[in-house]
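Presented below is the structure to which this report refers.
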Ligand SMILES: [Zn+2]
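In our numbering, the protein residues as written are 25 to 344.
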């Protein structure tokens, strides 16, 4: 009875999906292929770009993603790199020989659960957090900084501009206490913890001092470089902010030919939840779903740049 029902549903869907190529067919059918059956790399990429366009620059032709992610953090993504957070916002833990570098601090109201408990869940100790790199001073990313400073003695790193901006920008949603002033960095600064160095790039636009980061991650014998884009939404920016954002996106995309892992702090920007599903069903020797090559990284940064350009065009049209 159950099988017959499923067959009927599949039949109706098949009629609707007729004519699509095989990669798109699984998506059109709404088949969730996570959990051991493998996800097609093209389907992941399509979903990644669709979800970004939907949130960053929705236009009349924007289609929703064709697959639905089933997994949420925490999870190990590379040998020395862990995804933390929740489906809407992420923080990331980079393990080194001398402790943990955390990228972004989540909200004040959920940092204990989404960072501290999540680290324990993947077998790490939040007491080992040495540095917390805050990509920009909005309270979905700096909100947990005070808690991490108070409870684990973590050093908080932000750009010079955003230490300032944090105090003047009106917070949205759950209000966060400000962390005590700590380490300020600028363009080209690095931090080294044990065997690992992180480089910072000033990518202003989303905030006056958004910082993006470049750092190595390991997958067995292979070393890859993450390009961690610190900014996200553009809809609230005035035209001059959008122009600044576009310049930053363009520069970050071209800066370092080693970067082959596009990453951000919201899954709708980097498609990380789709990739997490694919990672879980990855067999030995298969490509890592988070690794897209330097061309893939550039393509992603170009898409972010162009999205901001579309929003700019829209705003300029409206103001005429
Ligand atoms: Zn923000």
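Ideal Cβ placement from N, Cα and C applies to all residues, glycine included.
Whole angstroms is fine: what's the gap from residue i's alpha carbon to residue j's?
i           : j           : result
residue 150 : residue 338 : 44 angstroms
residue 220 : residue 120 : 6 angstroms
residue 69  : residue 214 : 31 angstroms
residue 166 : residue 332 : 24 angstroms
residue 328 : residue 315 : 18 angstroms
residue 288 : residue 182 : 16 angstroms
residue 110 : residue 192 : 27 angstroms
residue 179 : residue 173 : 7 angstroms
residue 185 : residue 159 : 12 angstroms
residue 322 : residue 231 : 22 angstroms
residue 228 : residue 268 : 7 angstroms
residue 63  : residue 306 : 9 angstroms
residue 278 : residue 237 : 14 angstroms
residue 128 : residue 156 : 6 angstroms
residue 271 : residue 73  : 20 angstroms
residue 113 : residue 97  : 10 angstroms
residue 261 : residue 80  : 12 angstroms
residue 301 : residue 95  : 6 angstroms
Thinking residue i and residue j are a contact (beta carbons under 8 angstroms), I'd like their distance in whole angstroms, please.
i           : j           : result
residue 78  : residue 90  : Not confirmed; about 12 angstroms, so no contact.
residue 253 : residue 293 : 7 angstroms
residue 200 : residue 132 : 4 angstroms
residue 217 : residue 310 : Not really, about 31 angstroms apart at Cβ, beyond 8 angstroms.
residue 138 : residue 117 : Their Cβ separation, rounded to whole angstroms, is 11 angstroms, which puts residue 138 and residue 117 out of contact at 8 angstroms.
residue 204 : residue 161 : Contact doesn't hold; Cβ gap of about 14 angstroms is too wide.
Looking at the unbroken beta strand (DSSP E) that takes in residue i, where does it start and where does it end?
i           : result
residue 126 : 123 to 127
residue 248 : 246 to 253
residue 223 : 220 to 226
residue 213 : It is not in any beta strand (DSSP E) - residue 213 carries neither H nor E in the DSSP assignment.
residue 106 : 105 to 109
residue 100 : 99 to 102
residue 118 : 114 to 120
residue 285 : 283 to 288
Apart from the five residues on each side of it in sequence, which residues of its chain come closer than 6 angstroms, Cβ to Cβ, to residue i?
i           : result
residue 54  : Interpretation of residue 54 is limited by its pLDDT of 35, a score under 50 that renders its predicted location unreliable; the figure taken from the coordinates is listed afterwards. If we look at residue 54 and ignore the five residues flanking it on each side, it has no Cβ neighbours.
residue 282 : 249
Just to confirm the assignment, what range does the alpha helix (DSSP H) spanning residue i have?
i           : result
residue 279 : First-last for residue 279: undefined, no H or E at that position.
residue 341 : 317 to 343
Please work out which residues of its chain come closer than 7 angstroms, Cβ to Cβ, to residue i, disregarding the five sequence neighbours upstream and downstream, and give them in chain order.
i           : result
residue 241 : 102, 104, 105, 248, 250, 285
residue 345 : Only positions 25 to 344 of the chain appear in this structure, which leaves residue 345 out of reach.
Residues in its own chain within less than 8 angstroms of residue i by CB, not counting five upstream and five downstream?
i           : result
residue 135 : 129, 167, 168, 171, 172
Checklist entry - Relative to ligand 1, what is the chain-ordered list of residues with a Cβ closer than 6 angstroms to any of its non-hydrogen atoms? => result Qualifying residues, in the order they occur: 160, 162, 230, 256.
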